[in-house]
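Working notes, beginning with the structure itself.
In this note's numbering, the protein residues as written are 1073 to 1479.
Printed below as a string of structure tokens:
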């Protein structure tokens, strides 16, 4: 139980930190992309409108502003771009390569044709940021060399991702180290609870045994007395409840089953189900079982049989008159699967998950009449989780219920 709590604590902490790091890394890179792209688009628009004069705006009353981002005194000499003019018919009229030397006319024309096929006004093509302007004379496409900016964005993404992963690993180590201190109060409370249950059960055994013995002697002297019969019944129920609480407390230990072995789940299921099959038929209920063979399991055979007994006992007790009970044991995707189905009438199927809570009863009046301690399904869940499995319950129409165990 403590290992599970610690694991969940670590998982929750890492999920929270991972989401924060993802938002930070994504925010940095998205903000950089937007800013860089916006700067390139403004520069490309000015180059289309003013040509090389975009780097030297007019001194007075000019539409351009000094000091725009990315336009230092050397911008004119390091900015590389070329333009392609296309006629309305789609033919290349002119290629201007005065500010670039790494592109020839054929390549420029091919780039322009590829961009026009995209039918977008701006975007990236290879190492260039392009901008399309259309007028009556045709279409002009400006290609602005953005290789340095693209390399910077890729480097920023790589570095920020590496820093994020390194931070995630570092935080994981710290969370693993400090998690043992974080769950200490809970571990201390659990230990006190288990000690209390164990001590209380030992203290209760003597008076319960004394009451049961006295009731048995009184029953022999006053045969048929309903009050004495009720004392015997309640003493027996209290003894069973005490034993179940101790067993449930032991299941919460770090190693509930110190001596696990490999055994045949099929044989264990046959043995556990035999008595309930007879009981179900004696009560006029239809009982079906399908146990696949051979299915082997590594765990504690007695506890698995206890799990089967709890589920089958519930099915026999709470199934409706002349109802149907079905046990299926099979292997599914490498896991052992146990399903116990029975017909019944459920008034509320929204609170089925609460069936695994200790002392929870869906139908209080019927549960008291049928007996039981109210912690059987809690024990079934604890046994399942102690074997690294999970148990679930579902009801499709409120007229039946099915418990499913995956081990």
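The C-beta atom is built at its ideal place from N, Cα and C for all residues, glycine as well.
Exercise for the section: Rank 1263, 1464, 1348 by C-alpha distance to the C-alpha of residue 1356 and give the top, closest one. Expected result: Your numbering for residue 1356 matches position 284 in the chain shown. Selected option, being the one with the closest Cα: 1348.
Exercise for the section: Drop a sphere of 10 angstroms on the beta-carbon of residue 1316, count the other beta-carbons inside from all chains shown, and report buried for 16 or more, exposed for fewer. Expected result: Within the chain shown, the letter at position 244 stands for residue 1316. By the neighbour-count rule (16 or more Cβ atoms within 10 Å), residue 1316 is buried.
Practice task
Buried or exposed for residue 1426, please, with buried defined as at least 16 other CB atoms from any protein chain shown within 10 angstroms of its CB.
Solution key: In the chain shown, residue 1426 corresponds to position 354, counting from 1. By the 10 Å Cβ count, residue 1426 comes out exposed.
Problem - Neighbourhood of residue 1300 by C-beta, 8 Å cutoff - its chain only, sequence neighbours within 5 removed - result: Position 228 of the chain shown holds residue 1300. For residue 1300, where only same-chain residues beyond five positions count, the Cβ hits under 8 Å are 1287, 1290, 1291, 1294.
Exercise for the section: Note down, one range per segment and in chain order, each alpha helix (DSSP H) of at least 4 residues found wholly within the stretch 1371-1418. Expected result: 1373-1390
Practice task
Mind the definition here: the stretch 1371-1378 touches the stretch 1454-1463 only if three or more C-beta pairs lie below 8 Å; say whether that holds.
Solution key: yes
Handout entry: Continuous alpha helix (DSSP H) stretch holding residue 1151: start and end
Key = The residue given as residue 1151 occupies position 79 in the chain shown. From DSSP, residue 1151 is part of no alpha helix (DSSP H); its letter is neither H nor E.
Problem - Cβ shell of residue 1133 (< 8 Å), same chain only, five flanking positions each side left out - result: By 1-based counting over the chain shown, the position of residue 1133 is 61. Low confidence applies to residue 1133: its pLDDT is 47, below 50, so where it sits in the model is not reliable, and the reading given next is rough at best. So the list is empty, once near-sequence residues are dropped.
Exercise for the section: Report yes if the C-beta distance between residue 1431 and residue 1446 is below 8 Å; otherwise report no. Expected result: What you label residue 1431 is simply residue 359 of the chain shown in a count that begins at 1. What you label residue 1446 is simply residue 374 of the chain shown in a count that begins at 1. Taking 8 Å as the Cβ cut-off, residue 1431 and residue 1446 qualify as a contacting pair.
Exercise for the section: Indicate whether the contact test is met: 3 or more Cβ pairs, each with one atom in the stretch 1389-1399 and one in the stretch 1350-1365, closer than 8 Å. Expected result: yes
Practice task
Please name the residue, chosen from 1392, 1240, 1411, that lies closest to residue 1083 on a Cα-to-Cα basis.
Solution key: By one-based count along the chain shown, residue 1083 stands at place 11. Closest in alpha carbon position to residue 1083, among 1392, 1240, 1411, is 1240.
Exercise for the section: Leaving out five residues on either side along the sequence, give the residues of the same chain with a beta carbon under 7 Å from the beta carbon of residue 1359. Expected result: Residue numbering aside, residue 1359 sits at position 287 when the chain shown is read from its first letter. Counting only Cβ-Cβ distances below 7 Å, and skipping sequence neighbours, we find 1349, 1352, 1353, 1397.
Exercise for the section: Below 7 Å CB to CB, which residues in the same chain sit around residue 1270 once its five sequence neighbours on both sides are set aside? Expected result: What you label residue 1270 is simply residue 198 of the chain shown in a count that begins at 1. Closer than 7 Å at the Cβ level, and outside the excluded window around residue 1270, lie 1318, 1321.
Exercise for the section: Using beta-carbon positions only, say whether residue 1225 and residue 1108 come within less than 8 Å of one another. Expected result: Translated into positions along the chain shown, residue 1225 becomes position 153. Translated into positions along the chain shown, residue 1108 becomes position 36. Their beta carbons are under 8 Å apart, which means residue 1225 touches residue 1108 by this criterion.
Exercise for the section: Taking only the alpha-carbon atoms, compute the straight-line gap between residue 1209 and residue 1219 and give it to the nearest angstrom. Expected result: If you number the chain shown from 1, residue 1209 lands on position 137. If you number the chain shown from 1, residue 1219 lands on position 147. In a straight line, the C-alpha of residue 1209 is about 31 Å away from that of residue 1219.
Exercise for the section: Report the partner residues of residue 1473 according to the DSSP bridge assignment. Expected result: As a position in the chain shown, residue 1473 is number 401, starting the count at 1. Residue 1473 pairs with 1414.
Problem - Unbroken beta strand (DSSP E) run spanning residue 1174, endpoints - result: For the purposes of this step, residue 1174 is taken as the residue at position 102 of the chain shown. Going by DSSP, residue 1174 is part of no beta strand (DSSP E) at all; its letter is neither H nor E.
Problem - the stretch 1385-1395 in contact with the stretch 1413-1423 per 3-pair CB rule at 8 Å - result: Because the criterion of three Cβ pairs below 8 Å is met, the stretch 1385-1395 and the stretch 1413-1423 touch.
Problem - Closer than 8 Å to chain D by CB, residue 1298 - result: The displayed structure is made up of one protein chain only, and chain D is not part of it.
Handout entry: Where residue 1449 falls: helix, strand or coil (DSSP)
Key = Position 377 of the chain shown, counted from the start, is the residue given in the question as residue 1449. Helix at residue 1449.
Problem - CB of residue 1337 within 8 Å of CB of residue 1477, strictly - result: If you number the chain shown from 1, residue 1337 lands on position 265. If you number the chain shown from 1, residue 1477 lands on position 405. Cβ atoms of residue 1337 and residue 1477: not closer than 8 Å.
Handout entry: Same chain, Cβ closer than 6 Å to residue 1172, five either side skipped, listed in chain order
Key = Position 100 of the chain shown holds residue 1172. Here the set comprises 1152, 1154.
Handout entry: residue 1259 versus residue 1228: straight-line alpha-carbon distance, rounded
Key = Locating residue 1259 in the chain shown gives position 187, counting from the first residue. Locating residue 1228 in the chain shown gives position 156, counting from the first residue. For residue 1259 and residue 1228, the distance between alpha carbons rounds to 44 Å.
Handout entry: Buried or exposed by the 16-neighbour rule on C-beta atoms within 10 Å, applied to residue 1309
Key = Sequence index remark: in the chain shown, residue 1309 carries index 237 (1-based). The residue is exposed, with fewer than 16 neighbouring Cβ atoms inside 10 Å.
Exercise for the section: May I ask you to list the residues that DSSP assigns as paired with residue 1217? Expected result: Numbered from 1 along the chain shown, position 145 holds the residue referred to as residue 1217. Residue 1217 has 1200 as its beta-bridge partners, per DSSP.
Exercise for the section: Would you be able to state if there are at least three C-beta pairs under 8 Å between the stretch 1242-1250 and the stretch 1084-1091? Expected result: Contact annotation: the stretch 1084-1091 touches the stretch 1242-1250, with at least three C-beta pairs closer than 8 Å.
Practice task
May I ask whether a heavy atom of the ligand NAD can be found less than 7 Å away from the beta carbon of residue 1189?
Solution key: The ligand content of the structure shown is nil, which means the ligand NAD is not present either.
Problem - residue 1167 and residue 1158 closer than 8 Å at C-beta - result: Working through the chain shown from its first residue, we reach residue 1167 at position 95. Working through the chain shown from its first residue, we reach residue 1158 at position 86. Contact flag unset, no.
Problem - Per-residue DSSP class, three states only, for residue 1183 - result: The residue given as residue 1183 occupies position 111 in the chain shown. Residue state, collapsed to three classes: helix.
Exercise for the section: Tell me whether residue 1215 is buried or exposed, calling it buried when 16 or more other Cβ atoms sit within 10 Å of its Cβ. Expected result: The residue given as residue 1215 occupies position 143 in the chain shown. Buried, because 16 or more other Cβ atoms sit within 10 Å of the Cβ of residue 1215.
Practice task
Tell me whether residue 1194 sits in a helix, a strand or coil according to DSSP, three-state version.
Solution key: Walking along the chain shown from the start, residue 1194 turns up at place 122. Strand at residue 1194.
Problem - Contact belief for residue 1334 with residue 1368 at Cβ below 8 Å, rounded distance in angstroms - result: Position 262 of the chain shown holds residue 1334. Position 296 of the chain shown holds residue 1368. With a Cβ gap of about 6 Å, residue 1334 and residue 1368 count as contacting.
Problem - Cα-Cα separation, residue 1078 to residue 1278 - result: Working through the chain shown from its first residue, we reach residue 1078 at position 6. Working through the chain shown from its first residue, we reach residue 1278 at position 206. The C-alpha of residue 1278 is placed about 38 Å away from the C-alpha of residue 1078.
Handout entry: Continuous beta strand (DSSP E) stretch holding residue 1467: start and end
Key = Locating residue 1467 in the chain shown gives position 395, where the first residue counts as 1. Taken as a continuous stretch (DSSP letters only), residue 1467 belongs to no beta strand (DSSP E), as it is neither H nor E.
Problem - Buried versus exposed, by CB contacts within 10 Å (16 or more), residue 1273 - result: On the chain shown, position 201 is the one that residue 1273 refers to. Burial is judged here by how many other beta carbons sit within 10 angstroms of a residue's own beta carbon; residue 1273 has at least 16 and is buried.
Practice task
Would you mind stating whether residue 1236 and residue 1097 have Cβ atoms separated by less than 8 Å?
Solution key: To locate residue 1236, count along the chain shown from 1; it is residue 164. To locate residue 1097, count along the chain shown from 1; it is residue 25. Yes. Within cutoff.
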